[in-house]
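This report refers to the structure that appears directly beneath it.
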Amino acid sequence: EKLFHSRDRSDLQPSAIEQAELVKDMLSAQQFLAKYGWTQPVIWDPSSTNENEPLKDFSLMQEGVCNPRQEVAEPTKSPQFIDALKKFQKLNNLPVTGTLDDATINAMNKPRCGVPDNQMAKKETEKPTAAQSLENKTKDSENVTQQNPDPPKIRR
Amino acid sequence: KRFLDMLMYSNKYREEQEALQKSTGKVFTKKLLKWRMIGEGYSNQLSINEQRYVFRLAFRMWSEVMPLDFEEDNTSPLSQIDIKLGFGRGRHLGCSRAFDGSGQEFAHAWFLGDIHFDDDEHFTAPSSEHGISLLKVAAHEIGHVLGLSHIHRVGSIMQPNYIPQDSGFELDLSDRRAIQNLYGSCEGPFDTAFDWIYKEKNQYGELVVRYNTYFFRNSWYWMYENRSNRTRYGDPLAIANGWHGIPVQNIDAFVHVWTWTRDASYFFKGTQYWRYDSENDKAYAEDAQGKSYPRLISEGFPGIPSPINAAYFDRRRQYIYFFRDSQVFAFDINRNRVAPDFPKRILDFFPAVAANNHPKGNIDVAYYSYTYSSLFLFKGKEFWKVVSDKDRRQNPSLPYNGLFPRRAISQQWFDICNVHPSLLKI
Chain S
205 EKLFHSRDRS
215 DLQPSAIEQA
225 ELVKDMLSAQ
235 QFLAKYGWTQ
245 PVIWDPSSTN
255 ENEPLKDFSL
265 MQEGVCNPRQ
275 EVAEPTKSPQ
285 FIDALKKFQK
295 LNNLPVTGTL
305 DDATINAMNK
315 PRCGVPDNQM
325 AKKETEKPTA
335 AQSLENKTKD
345 SENVTQQNPD
355 PPKIRR
Chain D
21 KRFLDMLMYS
31 NKYREEQEAL
41 QKSTGKVFTK
51 KLLKWRMIGE
61 GYSNQLSINE
71 QRYVFRLAFR
81 MWSEVMPLDF
91 EEDNTSPLSQ
101 IDIKLGFGRG
111 RHLGCSRAFD
121 GSGQEFAHAW
131 FLGDIHFDDD
141 EHFTAPSSEH
151 GISLLKVAAH
161 EIGHVLGLSH
171 IHRVGSIMQP
181 NYIPQDSGFE
191 LDLSDRRAIQ
201 NLYGSCEGPF
211 DTAFDWIYKE
221 KNQYGELVVR
231 YNTYFFRNSW
241 YWMYENRSNR
251 TRYGDPLAIA
261 NGWHGIPVQN
271 IDAFVHVWTW
281 TRDASYFFKG
291 TQYWRYDSEN
301 DKAYAEDAQG
311 KSYPRLISEG
321 FPGIPSPINA
331 AYFDRRRQYI
341 YFFRDSQVFA
351 FDINRNRVAP
361 DFPKRILDFF
371 PAVAANNHPK
381 GNIDVAYYSY
391 TYSSLFLFKG
401 KEFWKVVSDK
411 DRRQNPSLPY
421 NGLFPRRAIS
431 QQWFDICNVH
441 PSLLKI
């Protein structure tokens, strides 16, 4: 390798870019919903390293605790999964079918921010604070279709 | 000991911030936040200057709509830096949440101000039509650091998914109100405010008169878009850049003398005044008699003391009203002298409609608004609307020139926010 690199690293060739795992089936969809707080609020805090790691073999979420060793239930019948899926579909302006259709998979695979959509403050394990609960979001979303009244015409 | 002190300080500071956010939703109580690009976290895709430019612009966009300022700080101890930004791939910067490679997650932000961007994503500068706009992602993540969660609303910068944008994006009304719910709206005294009249031909070739509304404070000015209830995107700008030949800060007043026979605009500062050429957008060098500008107020407007606090032109009476301390002077432009019986007390000439609800004196601005067809007196963060003819037709009991009770300027003219001087020239 070269001994010196230019200070702004502009001469560095990006190594082969790893591709993110896409949502393509029930399991990856469950992981997505759990990871971003749709199944239940997620503690989003750098010091709580494990709680918010994506659950590798997520099956059934217990109240407040996720326990991968739990008996694997048929995912499509898990009410929690269906409920989380419906919430995701509703807030993303998708047909609320409760089933993992293509439109939902596409929406899940869109580039997105890593911050969960539904967070819980670190010290609380019961119901998330009003500011962060999805119900609050649902209220916020009433005018979800309201377009920005005057989108900027000129680029900054 | 110094390290332990710093550790104790940051833990204590962190707990205070967590408690603050839980109770109010906002994360910071300070008005000036320091940010820094993490040295070992530069992107491989954009030059450092491009990265810095984009981050400065993203911070500026937020400070244009909220009462906080942001300043890049590359020297203070890390514990005093409020927001740290860096790029990384996979396991990065000691972060507990690894990135996932190209696609899906492009960035995340942590509660205490760390923002990480996935350098496997194809981030691009604002001028590019392709890839993921680093500006938009940075603005989104800064929103998180300030305390906003995801907002599932079309048009919001806080939508979790990245929405490609054909033209530029701006913080819309709902995002502004969301952040202002946490940090309050922008307030503060103005130096002057006025509607600047200009003539132009419409699409049918007819000469039409239009106006822009401007607010001035210190060395900055905003154009206010009355139809959109906000300032022009990208304001404030430096007075020195937008207005030529007048003082670059702390203007006392602007007056537009506009009658059937006269059309002259004047800026006042201290003991002097400048006439402004609206056609050519610059101050006149000299007047009709060859006297050069600036001229002394006492010469151009005999009998008017200076400096003044504010002034406006009453087109019907053809008087310029000059305000100074607790007095108001009426200057007859046709006789070129102070009108009889003046000066008067502002309290007498502009009586309070509600008892004791009156600025008394030392007002900042006297602004006649064509949008509201009314005169407003500003003082500090508040304004008093002067009873207009229309008001008196609806309620004859209102006193002539009466002042309605005070209201907050920020509740009628929205989002007129300072930005940090370091971000003024972008």
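Protein chains in written order, with my numbering: chain S, 205 to 360; chain D, 21 to 446.
Yeah, the Cβ is synthetic: ideal placement off N, Cα and C, and Gly gets one too.
Scanning chain D for C-beta atoms nearer than 8 Å to the C-beta of residue 290(S) yields nothing, as the closest lies near 14 Å away. Residue 184(D) counts as exposed, since fewer than 16 other C-beta atoms from the protein chains shown sit within 10 angstroms of its C-beta.
Taking 9 Å as the cut-off, the beta carbon of residue 316(S) is found closer than this to the beta carbon of residue 182(D).
Its chain contains 191, 196, 199, 435 and 437 as the residues whose beta carbon lies nearer than 7 Å to that of residue 85(D), once the 5 sequence neighbours on both sides are disregarded; these appear in chain order. Counted as a single uninterrupted DSSP element, the alpha helix (DSSP H) harbouring residue 414(D) occupies residues 409–414. One finds 172 in chain D with Cβ atoms closer than 7 Å to the Cβ of residue 295(S), taken in chain order.
Taking 9 Å as the upper bound on Cβ-Cβ separation, chain S lies near residues 152, 155, 157, 160, 161 and 164 of the region 151–165 of chain D. Here residue 234(S) is buried: its Cβ has 16 or more other Cβ atoms, across all protein chains shown, within 10 Å. Close CB contacts of residue 137(D) within its chain, under the 6 Å cut and outside five residues either way in sequence, are with 107 and 127 (chain order). A distance of 9 Å or more separates the beta carbons of residue 260(D) and residue 285(D). Secondary structure of residue 220(D) (DSSP, three-state): strand. Residue 140(D) is not a Cβ neighbour of residue 288(S), given a cutoff of 9 Å.
In the three-state reduction of the DSSP assignment, residue 401(D) falls in the coil class, being assigned neither a helical nor a strand state.
Taken atom to atom, the span from the alpha-carbon of residue 423(D) to that of residue 379(D) is near 9 Å.
The Cβ of residue 181(D) sits closer than 9 Å to at least one Cβ of chain S.
Residue pairing from DSSP places residue 90(D) in a beta bridge opposite 53(D).
Of the candidates 219(D), 313(D) and 248(D), the residue whose Cα lies closest to the Cα of residue 230(D) is 219(D). Around the beta carbon of residue 337(D), a 10 Å sphere encloses fewer than 16 other beta carbons of the protein chains shown; the residue is thus reported as exposed.
Three or more Cβ pairs closer than 8 Å define a contact, and the region 116–127 of chain D falls short of that threshold against the region 232–249 of chain D. For residue 110(D), the C-beta contacts it makes with chain S under 8 Å involve 222, in order along the chain. Inclusion of residue 90(D) and residue 82(D) in the CB contact set at 9 Å is warranted, their separation being smaller than that value. Judged by DSSP secondary structure, residue 75(D) falls within the alpha helix (DSSP H) whose first and last residues are 68–83. Interface criterion met: the Cβ of residue 140(D) is under 9 Å from a Cβ in chain S. With contacts defined as CB atoms closer than 9 Å, residue 105(D) and residue 68(D) fail to qualify as a contacting pair. Contact between the region 384–401 of chain D and the region 323–334 of chain D is present, with at least three C-beta pairs closer than 8 Å. Note that the C-beta distance between residue 80(D) and residue 340(D) is not below 9 Å. Fewer than three pairs of CB atoms, one per stretch, sit closer than 8 Å, so the region 243–253 of chain D makes no contact with the region 320–327 of chain D. The DSSP-derived three-state label of residue 370(D) is coil.
Here the region 426–435 of chain D lies against the region 398–405 of chain D, with 3 or more beta-carbon pairs under 8 Å apart. In this chain, the alpha helix (DSSP H) harbouring residue 203(D) covers 193–203. Of all residues in the region 101–132 of chain D, those with a C-beta nearer than 8 Å to a C-beta of chain S are 109, 110, 115, 116, 117, 119, 120, 121, 122, 123, 124, 125, 126, 127, 128, 129, 130, 131 and 132, reading in chain order. Buried is the label assigned to residue 303(D), since at least 16 other Cβ atoms lie within 10 Å of its Cβ.
If you draw a 10 Å sphere on the C-beta of residue 318(S), you find 16 or more other C-beta atoms in it, and that means buried.
For a Cβ distance threshold of 7 Å, residue set 170 and 180 of chain D lies close to residue 321(S), ordered along the chain. When the five nearest sequence neighbours on each side are left out, the beta carbons in the same chain lying within less than 8 Å of the beta carbon of residue 162(D) are those of 78, 79, 82, 103, 129 and 135, in order along the chain. Taking 9 Å as the CB threshold, residue 228(S) stays off the interface with chain D.
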